[in-house]
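Novice:
Residue numbers (this note's numbering): 243 to 575.
(1) Kindly indicate the opening and closing residues of the beta strand (DSSP E) around residue 364.
(2) Which residue wins for smallest C-alpha separation from residue 326, given the options 511, 493 and 375?
(3) If I follow the unbroken alpha helix (DSSP H) through residue 470, where does it start and stop?
(4) Since residue 325 is in the beta strand (DSSP E), which residue starts that stretch and which ends it?
(5) Would you mind working out which of 366, 518, 414 and 458 sits nearest residue 473, comparing C-alpha positions?
(6) Can you tell me which residues form a DSSP beta bridge with residue 496?
(7) Identify every residue that forms a DSSP beta bridge with residue 402.
(8) According to DSSP, simplified to helix, strand and coil, what is residue 481?
(9) In angstroms, rounded to a whole number, what distance separates the CA positions of residue 263 and residue 361?
(10) Hey, residue 470 and residue 424 are a contact pair by Cβ (cut 8 Å); roughly how many whole angstroms apart?
(11) Ignore the nearest five residues each way along the sequence and tell me which others in residue 477's own chain have a CB closer than 6 Å to its CB.
(12) Exposed or buried, residue 550, counting other C-beta atoms within 10 Å across all chains shown (16 or more means buried)?
(13) Report all residues from its chain with a CB closer than 7 Å to the CB of residue 464; omit the five preceding and five following residues, and keep chain order.
(14) Within its chain, find whatever has a CB closer than 7 Å to the CB of residue 482; leave out the 5 residues flanking it on each side and keep chain order.
(15) Cα separation between residue 429 and residue 341?
(16) How many angstroms separate the CA atom of residue 356 from the CA atom of residue 388?
(17) Would you mind sorting residue 509 into buried or exposed? The rule is 16 or more other CB atoms within 10 Å of its CB.
(18) Could you check which residue in 432, 516, 527 and 398 has the C-alpha nearest to that of residue 453?
(19) Could you check whether residue 348 and residue 386 sit closer than 8 Å to each other, using their CB atoms as the reference points?
(20) Less than 8 Å between the C-beta atoms of residue 512 and residue 518, yes or no?
(21) With residue 435 as the anchor, note down where its alpha helix (DSSP H) starts and where it stops.
(22) If you draw a straight line from the C-alpha of residue 431 to the C-alpha of residue 538, how long is it?
(23) Would residue 343 be called buried (16 or more neighbouring beta carbons within 10 Å of its own) or exposed?
(24) Put residue 410 into one of helix, strand or coil per three-state DSSP.
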């Protein structure tokens, strides 16, 4: 069987989650990957789909990346979670005593995704479905602790429950944000299907109707990343003590689902030249904003000091002038 470049890329994309998770997903990937490749291979040699994914059209980049991403992060959270919390993070957030007291009852990793949440321990993953979507991993930790507060470590576990309650994280708000993220991803799927359909009936894959759909999907994907970062800051960041921020590994917290979200956005960004340029501009401008603010602040402080010096100088000259006038009046008397 001969693979066209788009088909081969789809096959490679289907293997990405397995290598990222370092889990036994290789069989699943090698089973699903060729089927996707064969399906796209048939489409590749048919009209009018050929013009969408041909060698001359960069549209296949969007199709390959988005199909790969959509087929991954929309599945169960067992393999594609958005948030991963291991014991090292629990020790950083709540202390070693809390983790040691519940070491026999808590899993190695808590995983939270839009479709459910999981506990992974000794290679065994136990998942439960959640709807509406929720990325609240703390409720799993609280449930595991609450189930063992009557043992020999009851006092320590009660203190752990108190530490969790002290953070006062607004989980209801985060659940609403997760629902919004879930809904926007569904809308993104609709746009992902609509854009190729519209392009099929146009002479160019970069026509204004297609660009309008791509632009809306690009905005939605960017908003999804922003919502995810907001949820991560609330559901994870608020539990990290400020003094130990450097002890937390960002890569350990980010689940494979995040990289799939990033892939969706990247696939959409390269789907149209204007979107690609806009994405590059945003990537360049965002790091420059703090620098510009710092320069503006320094210039304002310098300007303020100069104004103060000018006012002091004017005040001195005014005092000297008044004193001279006063001496002149006295001398005339």
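Glycine is no exception: its CB is placed at the ideal position from the N, C-alpha and C atoms.
Specialist: This is what the structure holds:
(1) First-last for residue 364: undefined, no H or E at that position.
(2) 493
(3) 450–477
(4) 325–328
(5) 414
(6) 325
(7) None, per the DSSP bridge assignment.
(8) helix
(9) Summary for residue 263: the model assigns pLDDT 40, below 50, so the residue's position carries little reliability, and this model does not support an answer.
(10) That belief does not hold up - the Cβ atoms of residue 470 and residue 424 are roughly 11 Å apart, past 8 Å.
(11) 377 and 416
(12) For residue 550, the predicted structure reports a pLDDT of 49, less than 50, and the residue's modelled location is therefore unreliable. The matter cannot be settled from this model.
(13) 507
(14) 334, 335 and 490
(15) 41 Å
(16) In a straight line, the C-alpha of residue 356 is about 24 Å away from that of residue 388.
(17) With a threshold of 16 other beta carbon atoms within 10 Å, residue 509 meets it and is buried.
(18) 516
(19) The criterion of a C-beta distance shorter than 8 Å is satisfied by residue 386 and residue 348.
(20) yes
(21) Counting along the chain, the alpha helix (DSSP H) containing residue 435 begins and ends at 413–442.
(22) 42 Å
(23) buried
(24) Correct three-state label for residue 410: coil.
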